[in-house]
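A quick write-up on the structure given underneath.
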Amino acid sequence: MVVKEELCCLGIDYNQVELGTVELAEPISQEQREQLNKNLLKSGLELMDDKKSILIERIKNSIIEIIHYSDEMPKENFSIHLSQKLGYDYTYLSNIFTEVKGLTIQQYIIIHKIEKVKELLLYDELNLSEIAYKLHYSSVAHLSSQFKKVTGVTPSFFKQLKLKRTTNLENL
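Residue 214 in the numbering used here is what sits at position 99 of the sequence shown, and the numbering runs on without skipping anything.
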């Protein structure tokens with residue numbers, strides 16, 4: 116909503132505004148560009164001109180959308196899904212992502228999957244087997260191994276920490 120409001124305030128015509136991208140109806144002046152960037156920065160957003168940066172944001176947004184906001188993981192591999200969604204060869208996407216971010220797309224996916232596991236553990240509605248299935252892990256052991264590698268603790272220990280914090284808060 117912020118982006119649309121800023122575009123309207125500055126009298127900039129646009130065709131569409133989607134997560135992370137704006138399709139303008141016509142080119143804008145340098146003054147309008149600078150003012151738009153200044154206004155967006157106040158809201159914690161930034162204008163990107165660099166095609167690589169824009170592509171990186173689209174990759175990140177696609178991964179976050181799938182892991183955190185979708186009820187189901189894609190049936191195909193992330194590589195196929197990203198390639199189809201973004202319209203680029205996965206090797207190209209992977210090389211640019213690694214060059215700019217300093218980590219692979221796979222590492223980025225793992226980090227977000229573990230964040231989702233933490234969230235699901237804290238909600239305490241699913242057991243570890245159900246979480247592993249939901250996030251397409253091959254086994255609970257694989258999930259646990261990856262969780263420990265990223266966080267330094269096992270999923271069950273992480274869950275115990277949550278219980279201890281809750282108990283401590285109740286005793287205050």
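For glycine and all other residues, C-beta sits at the position ideal for the given N, C-alpha and C. As the structure is a prediction and not an experimental result, all values here were calculated from the model.
By the 10 Å Cβ neighbour count, where 16 or more other Cβ atoms means buried, how is residue i classified, buried or exposed?
| i | result |
| --- | --- |
| I246 | buried |
| Y252 | buried |
| F262 | buried |
| V232 | buried |
| S158 | exposed |
| Y238 | exposed |
| K153 | exposed |
State the Cα-Cα distance for the pair residue i and residue j, rounded to the nearest angstrom.
| i | j | result |
| --- | --- | --- |
| Y129 | S194 | 31 Å |
| L162 | L151 | 8 Å |
| T136 | K279 | 43 Å |
| T213 | I181 | 20 Å |
| D204 | N210 | 10 Å |
| G225 | L250 | The sequence shown places Ile at residue 225, not Gly. If you take the alpha carbons of I225 and L250, they lie about 10 Å apart. |
| E187 | Y248 | 10 Å |
| I171 | H257 | 28 Å |
| L122 | G202 | 27 Å |
| L241 | L235 | 7 Å |
| K200 | E230 | 23 Å |
| E138 | V117 | 15 Å |
| S185 | A140 | 31 Å |
| K277 | T269 | 13 Å |
| F273 | E120 | 42 Å |
| G217 | Y223 | 10 Å |
| E149 | S260 | 48 Å |
Assuming the contact rule is C-beta atoms closer than 8 Å, residue i and residue j should be a hit. Round their C-beta distance to whole Å, please.
| i | j | result |
| --- | --- | --- |
| Q145 | L125 | Not really, about 13 Å apart at Cβ, beyond 8 Å. |
| H183 | P189 | At roughly 14 Å, the Cβ-Cβ gap does not stay under 8 Å, so H183 and P189 are not in contact. |
DSSP state of residue i, grouped into three classes?
| i | result |
| --- | --- |
| F268 | The identity of residue 268 in the sequence shown is Val, whereas the question assumes Phe. Residue state, collapsed to three classes: coil. |
| E191 | coil |
| L225 | Position check: residue 225 holds Ile in this sequence, whereas Leu was assumed. Of the three classes helix, strand and coil, the one that applies to I225 here is helix, per DSSP. |
| E120 | helix |
| N242 | coil |
| I143 | coil |
| S158 | coil |
| L237 | helix |
| S198 | helix |
| L125 | coil |
I need the boundaries of the beta strand (DSSP E) containing residue i, first residue and last residue.
| i | result |
| --- | --- |
| G130 | Rather than Gly, the amino acid found at residue 130 in this sequence is Asn. First-last of the beta strand (DSSP E) with N130: Y129 to E133. |
| E138 | T136 to L139 |
For residue i, verify whether its CB is less than 7 Å away from any heavy atom of the ligand ADP.
| i | result |
| --- | --- |
| L155 | Among the components modelled here there is no ligand, and therefore nothing to report on the ligand ADP. |
For the alpha helix (DSSP H) containing residue i, name the first residue and the last one.
| i | result |
| --- | --- |
| L170 | K166 to I179 |
| S254 | Note, S254: premise wrong, no alpha helix (DSSP H); not H, not E. |
| T206 | Y205 to K216 |
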